[in-house]
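Quick notes on the structure that follows.
Residue numbers (the numbering used here): 109 to 354.
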């Protein structure tokens, strides 16, 4: 119930913001139902991850928009990994204040037909319609004795270690916590592919599922732009190659 009420409130707020932000001539022809539907899709993870990531509701990529974001990123070599520790990023907190941690929020967003325990937060079972990294459909999730590792991982699209060597080493702890729990940077994925990627950037690893590569790179670019993180030249070159095929 807590998650449902929070989601409903978010939908209504998003709808109002969309109406206010629309030009007057567009308001006169506005289909309020369509606005609410689009807002609901964003809350449930069925459309744009965020308003500025260059990914359209149907999953395609606005290449010109994303390329402009990419061109705005600082290009430089990787900073030293000195001092990196995953615990430097306080992850699985509750950034939106809905009473549920960010990992369970990501599960609830990405799964369908999910069940939760009596606290209304902990996701017990569900189905991932399409696992993004492999393309596998109808991937079942069931919380096991070792938590998520048996079926799905909460993946940071821009890995925490990659963020560290791209600029996060200079952040304060609040900024690192924000990054580690940002839903725009979280995705439920196959654990083996998550391990294969590790802290790699786009020049070092891309999802085996070719159909997801455009969205993967576009979202990475958006996250790096939002957090003022750098890319290496090989990383940027790899991103351009992916976008050229989108």
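Glycine residues also receive a C-beta, built at the ideal position from the N, C-alpha and C atoms.
- Across the structure, residue 249 and residue 242 are spaced so that their CA atoms are roughly 15 Å apart.
- Residue pairing for residue 261: DSSP places it in a beta bridge opposite 297.
- Using a Cβ distance threshold of 9 Å, residue 307 and residue 343 do not count as a contacting pair.
- In this model, residue 251 and residue 215 are separated by some 11 Å (Cα to Cα).
- Under the DSSP definition of a beta bridge, residue 247 partners with 236.
- Our two residues, residue 285 and residue 275, have alpha carbons roughly 14 Å apart in a direct line.
- The stretch 164-184 makes no contact with the stretch 199-215, as fewer than three CB pairs between them are under 8 Å.
- One thing to note: residue 264 has its Cβ no nearer than 9 Å to the Cβ of residue 192.
- In the same chain as residue 200, and ignoring 5 residues on each side of it, the C-beta atoms closer than 6 Å to its own belong to 209, 210 and 211, in chain order.
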